[in-house]
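I have placed the structure first, in the form of C-alpha cells, so that the comments after it can refer back to it.
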Amino acid sequence: MHGIKYIIKRLAWSIVVLLGLSVLIFVIARVIPGDPASMALGPTASEEAKELFRKENNLDEPLPVQYIYWLGDAVKGDFGKSTHTKRPVSQDIKELLPATVELIILAAALEIIIGIGLGILSASKPGGMLDNSVRVTSYLGIATPSFVWGILFMLVFSYWTGLLPTVGRLTRGITPPRTITGLFVFDGLLTGNFEAAWDTFKHIIMPGTALALTGIAQTARMTRSSMVDNMDKDFVASEIASGIPKRKVISLYVLRPSSIPVVSIIALDIAAMLGNAFMVEQVFSYPGVSKYCLAAILNKDLNAIVGVVMVIGIAFLLVNIFVDIMSAFLDPRIRLKENSA
Amino acid sequence: MNTDVSVSKIKINSASAWWNSVKRNWYMFSRNKISVVGLVGVILVVLIAILPQYIAPFPEHAAAFTNFGDANLPPNSEYLLGTDSTGRDVLSRIIFSFRGALTMGVGVILIAAPIGVIMGLFAGYFSGRFISSVIMRIVDIFLSLPSLVLALAVSAILSPTLFNSMMAITVSWWAWYARLVYGTASSVRNEYYVKSAELLGASRAHIIFREILPNCWSVILTKMTLDMGVVILMGASLSFVGLGAQPPQPDLGTMVSEGYKLLPNSWWLTIFPAAAIMLIVLSFNLFGDGIGDMLKTKEE
C-alpha cells in the first residue's frame, strides 16, 4: 500500500525532472549559432524555401512558443525530422534503440554477475591472493577508458587470433530474426534462428565486455568493502559464536545489508555505460542509437540530438526509480522513513 | 620590546605546529604504500606537463611537422615509441599532450567545484525554504543525464577546442558538488554552534563561510582529488570522438582515435597513447584514494 504510494510519488517527480531536462536540452539546441533553415536546406536554398521551412517548423515564433509546439509533438513521440538521415527521428530511434539496449543489458549482466561474484570471493578471504589480484586489476579497470578496452579486445581477439568479428551487429548474409523484442539474441532464440542469435552474440561480446569492465571493477570493490564492514559488526560475531557456519552467516545475514551501496553503484555504472556506449559503438561501428547520436552531434542535427538525449534521460530515470525501489526493498530503515514522512 | 619577543615566539610556535601537522598528515598518507606510488606518479605527470620541451627527445614534433623519410617506423632505438604517418616521434607527442590533459582536469574542477559548493552551501543554509528546493531541483535536472551524455550534447553546440570541451564537462559536473555539499551543509545547519552564532547576531556570510563551510572541506577535497582522473578520462573520451583539441595540437584521445584506424599494422600509434591515458588516470586515482583515506582517518 505504502509502497505503491511511494512509487507513484517518485514517478510524478520524474515527470517534473523530465520537463526540466527537456527545457534544458531545448535551450541548448536553440542557442546554437547559425540559421537552422539554411543548415537544413543547404546554402543554395532560395529565400522563399527557407521562409516556408521556418513557418513549417515554427521557427518564426518566440522561443517559449517554439518550446510549447515542440513539447506537444514530443509527447506524441514525434521529435521532428533528422536533417542528416532525412527521416523522422522517432523512426530512427525505434530501429536503433534495441541494438543499444541489447549491448547495455549484456554489460549490466556481466557487471552484476562477475562484479558481485569477485567481490564476495575477495571479502571471504581479505588480504588473500585473490583479494589482492582483484584489487590491482580493479585499479586498472577503473583507470582505463572503455574505448581503449574495446580497441585492445579488437586487436587481440579479432586481428591477432581471428576469434571474433570486428564490426557491426550481424554478419552480412545472415537473415536477421523476426522482430519480437528487437534484441537479436532473444529473438533468434525465440524464433529458432539460432545462427543469427549466435552471430549477434559473437558481435556484442567484445563491446559489451568493454562497456562492463569499469563497472565490474567498481562493483567488486564496493561489494568487498561493504561486506568486510558488515562482517566486523557485533551481530556477525554473535552468530558465528553461536555455531552457525561462516558460509551460512555470509549468505543469510551479511549479503543483504551489504548489497544496498552495491545497488546504487550499479545504477551509477549503468548511467556511465549510457555515456560510454557512444565511444564503444564508434569503435565497433555498432549500429546503435549512440553512434547515431554521435553522427548527429558532428553534423549539428538538432532534432536527432534532442530526441536521443531525451530517450537516454528517460532510460536513466527509470533505472534510478528501479534502484530506489530496490533499496527500499532491501533496507527496512529506508522503507520506514518513507512511510512516516 | 617585550611584546616583540612574544610575537616572534608565537610565530615560531605556529610554524612548528604547522610542520608537525604536515608530518602527521604525511605519516597517515604514507602508511598506504599504494598512495605513495600514486603521489610519485602525480609528481612525474605534473613535471612532464610543465617541462615537456626539456623532456621530449624531439620537441619540434609536437606541432605540424613532416619527415616522410622516417614515417610509420615501429619502435626503435632512435624513436623509442615509433613514428606516425608524417614521421613525427610518438613519444614526443605523448609528452607534449600531458599539459592539455592536466589543464582539462584542473580547469574543470576549479570552475565546477566553486559553483557547486556555493550552490550547495546556499541550499543547505536555506534548507527547508523555497529557494533551497529550487536550487536542488535544478541540480536534479542536471544530474538526470549521464555526465558524458550532457557533455557531448553541450559540445555539440560549441566549436571543438580544448577550452570548449572543458566548458562542456563543467556544465555536467558542478551539480555533483552541489549535491555533495548540500548533504553536509543541511545537516550541520541545525547544530547548536550554528544556532548560537545565529543568536549572537553573526551575519549570513559568516555563518555560511565560517561556520558551515569548514565542515564540508574534507568531502570537497576528497571529491576534487578523486575527480581529477575521472575528468581527464572524460576529456580523452570527448577528443576521441573529435570534440576536443584539434590537430596538430597533440592530444591523447585524438592520437588514439587516429591510430586505431590503422590497426593492426601501426599498433604503436594506438597502444602507447592509450597506455599514457591509463598511467595518468591511475596515478591520480591512487593519489586521490590516499588523500580520501587520510582525511577520513583524521576525522575519526
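Chain order of the listed sequences is X and Y.
Each step along the first sequence adds one to the number in numbering that gives the first Met the number 0, with nothing skipped, and position 199 is 198.
Each step along the second sequence adds one to the number in numbering that gives the first Met the number 0, with nothing skipped, and position 115 is 114.
For glycine and all other residues, C-beta sits at the position ideal for the given N, C-alpha and C.
What is the DSSP secondary structure of Pro97(X), counted as helix, strand or coil?
Working through the first sequence from its first residue, we reach residue 97(X) at position 98. In this structure, Pro97(X) counts as helix in the three-state DSSP scheme.
Sheet register partners of Thr82(Y) (DSSP bridge)
For the purposes of this step, residue 82(Y) is taken as residue 83 along the second sequence, with counting starting at 1. As DSSP reads the structure, Thr82(Y) sits in a beta bridge with Asp88(Y).
Which same chain residues end up closer than 8 Å to Leu316(X) when comparing Cβ atoms and leaving out the 5 residues on each side of it in sequence?
Counted from its first residue, the first sequence places residue 316(X) at position 317. So the qualifying residues of the chain are Ser13, Val16 and Leu17.
Using beta carbons (cut-off 9 Å, strictly below), is Phe141(Y) in contact with chain X?
One-based indexing of the second sequence puts residue 141(Y) at position 142. Yes - at least one Cβ of chain X is within 9 Å of the one on Phe141(Y).
Which of the three DSSP states is assigned to Pro113(Y) in this structure?
By one-based count along the second sequence, residue 113(Y) stands at place 114. Residue state, collapsed to three classes: helix.
Runs of alpha helix (DSSP H) wholly within the stretch 249 to 291 of chain Y (minimum 4 residues, chain order):
Runs found: 251 to 258.
Pick from Ser34(Y), Tyr181(Y) and Glu210(Y): whose alpha carbon is nearest that of Ile114(Y)?
What you label residue 114(Y) is simply residue 115 of the second sequence in a count that begins at 1. Residue Tyr181(Y) is the option with its Cα nearest to Ile114(Y).
Coil, strand or helix - Lys32(Y) by DSSP:
The sequence position of residue 32(Y) within the second sequence is 33, counting from 1. Note: Lys32(Y) maps to helix in three-state DSSP.
Looking at chain X, which residues of the stretch 222 to 253 of chain Y have a Cβ within less than 7 Å of any of its Cβ atoms?
Taking 7 Å as the Cβ-Cβ cut-off against chain X, the residues of the stretch 222 to 253 of chain Y that qualify are Gly228, Leu232, Ala235, Ser236, Phe239, Val240 and Gly241.
Please compile the residues from chain Y whose C-beta is within a distance smaller than 9 Å of the C-beta of Lys299(X).
Taking the first sequence and counting its residues from 1, the one referred to as residue 299(X) is at position 300. The answer, in chain order, is Ala155 and Ile156.
Straight-line gap, Pro213(Y) to Ala16(Y) (C-alpha atoms, nearest Å):
For the purposes of this step, residue 213(Y) is identified with residue 214 of the second sequence, where counting begins at 1. For the purposes of this step, residue 16(Y) is identified with residue 17 of the second sequence, where counting begins at 1. Computed Cα separation, rounded: 20 Å.
Backbone secondary structure at Lys297(Y) - three-state DSSP:
The residue labelled residue 297(Y) in the question sits at position 298 within the second sequence. Residue state for Lys297(Y) is assigned as helix, using DSSP reduced to three classes.
Identify the continuous alpha helix (DSSP H) that holds Arg220(X) and give its terminal residues.
Residue mapping note: residue 220(X) aligns to position 221 of the first sequence, counting from 1. Residue range Phe193 to Met230 is occupied by the alpha helix (DSSP H) that includes Arg220(X).
Comparing the C-beta of Ala273(Y) with each C-beta of chain X, is any distance below 9 Å?
On the second sequence, residue 273(Y) is found 274 positions in, with the first residue counted as 1. At a cut-off of 9 Å, the C-beta of Ala273(Y) has a neighbouring C-beta in chain X.
Just to confirm the assignment, what range does the alpha helix (DSSP H) spanning Gly116(X) have?
For the purposes of this step, residue 116(X) is taken as the residue at position 117 of the first sequence. Start and end: Ile115 to Ser123.
Do you know how far the Cα of Val308(X) is from the Cα of Leu120(X)?
Looking up residue 120(X) in the first sequence gives position 121. Looking up residue 308(X) in the first sequence gives position 309. Their Cα atoms are separated by approximately 38 Å.
Any C-beta of chain X sitting closer than 9 Å to the C-beta of Ile137(Y)?
As a working note, residue 137(Y) is residue 138 in the second sequence. Yes, contact with chain X.
Start and end of the alpha helix (DSSP H) containing Ala152(Y)?
By 1-based counting over the second sequence, the position of residue 152(Y) is 153. Looking at the DSSP string, the run of the alpha helix (DSSP H) that includes Ala152(Y) is Ser146 to Ile156.
When burial is assigned at 16 or more other CB atoms within 10 Å of the CB, is Ala340(X) buried or exposed?
Your numbering for residue 340(X) matches position 341 in the first sequence. With a pLDDT of 40 at Ala340(X), under the threshold of 50, the predicted position of this residue should be treated as unreliable, and no value is reported.
Distance between beta carbons of Ile215(X) and Leu102(X), contact taken as under 8 Å
For the purposes of this step, residue 102(X) is taken as residue 103 along the first sequence, with counting starting at 1. For the purposes of this step, residue 215(X) is taken as residue 216 along the first sequence, with counting starting at 1. With a Cβ gap of about 15 Å, Leu102(X) and Ile215(X) do not count as contacting.
Residue nearest to Gly389(X) in terms of C-alpha spacing, selected from Val100(X), Asn302(X), Val133(X) and Leu105(X)
Any property of residue 389(X) remains undetermined from this structure, which presents chain X solely from 0 to 340.
Check the Cβ-Cβ distances between Leu273(X) and every residue of chain Y, and say whether any is below 9 Å.
Walking along the first sequence from the start, residue 273(X) turns up at place 274. At least one C-beta of chain Y is nearer than 9 Å to the C-beta of Leu273(X).
For Thr169(Y), which residues in the same chain have their Cβ closer than 6 Å to its Cβ, ignoring the five residues on either side in sequence?
Here residue 169(Y) refers to the residue found at position 170 when the second sequence is read from its first residue. If we look at Thr169(Y) and ignore the five residues flanking it on each side, its Cβ neighbours are Val107, Ile110 and Ala111.
Spatial neighbours of Ile134(Y) within its chain, please: CB distance less than 6 Å, with the 5 preceding and 5 following residues excluded, ordered by chain position.
For the purposes of this step, residue 134(Y) is identified with residue 135 of the second sequence, where counting begins at 1. Within the same chain, Ile134(Y) has close Cβ partners Met118 and Ala122.
Answer yes or no: the CB of Leu79(Y) versus the heavy atoms of the ligand COA, is any distance below 8 Å?
In the structure shown, the ligand COA is absent, as is every other ligand, since no ligand is present at all.
Closer than 9 Å to chain X by CB, Tyr259(Y):
Within the second sequence, residue 259(Y) is the residue found at index 260, counting from 1. With its beta carbon less than 9 Å from one in chain X, Tyr259(Y) belongs to the interface.
In whole angstroms, what is the alpha-carbon distance linking Thr85(Y) and Arg168(X)?
One-based indexing of the second sequence puts residue 85(Y) at position 86. One-based indexing of the first sequence puts residue 168(X) at position 169. Those two C-alpha atoms are separated by around 34 Å.
Within the chosen definition, does the stretch 269 to 284 of chain Y reach the stretch 200 to 208 of chain Y through at least 3 CB pairs nearer than 8 Å?
With the rule of 3 Cβ pairs closer than 8 Å, the stretch 269 to 284 of chain Y does not count as touching the stretch 200 to 208 of chain Y.
Chain X contact for Asn31(Y) (CB, 9 Å cutoff):
The sequence position of residue 31(Y) within the second sequence is 32, counting from 1. Under the Cβ distance rule, Asn31(Y) does not count among the residues neighbouring chain X, no pair being separated by less than 9 Å.
Under the three-state DSSP convention, the category Pro87(X) falls into
Mapped onto the first sequence, residue 87(X) falls at position 88. Strand, per DSSP.
Residue-chain proximity (Ala16(Y), chain X), Cβ-Cβ < 9 Å:
Within the second sequence, residue 16(Y) is the residue found at index 17, counting from 1. Taking Cβ atoms only, chain X never reaches closer than 9 Å to Ala16(Y), which makes this a no.
Cα separation between Gly234(Y) and Ile264(X)?
In the second sequence, counting from the first residue as 1, residue 234(Y) sits at position 235. In the first sequence, counting from the first residue as 1, residue 264(X) sits at position 265. Put simply, the backbone Cα of Gly234(Y) is about 22 Å away from that of Ile264(X).
Any C-beta of chain Y sitting closer than 9 Å to the C-beta of Ala340(X)?
Stepping through the first sequence from its first residue, residue 340(X) is reached at position 341. Unreliable positioning characterises Ala340(X) in this predicted model, as indicated by a pLDDT of 40, which lies under 50. The coordinate reading is nonetheless provided below. Chain Y contact via Cβ: absent.
DSSP three-state assignment for Lys247(X), whether helix, strand or coil
Working through the first sequence from its first residue, we reach residue 247(X) at position 248. Helix.
Are the CB atoms of Ser238(Y) and Asp226(Y) within a distance shorter than 9 Å?
Position 227 of the second sequence, counting from 1, holds the residue named residue 226(Y). Position 239 of the second sequence, counting from 1, holds the residue named residue 238(Y). It is not a contact, given that the beta carbons lie outside the stated cut-off.
Check the Cβ-Cβ distances between Ile290(Y) and every residue of chain X, and say whether any is below 9 Å.
Here residue 290(Y) is taken as the residue at index 291 of the second sequence, counted from 1. It does not; no Cβ of chain X falls within 9 Å.
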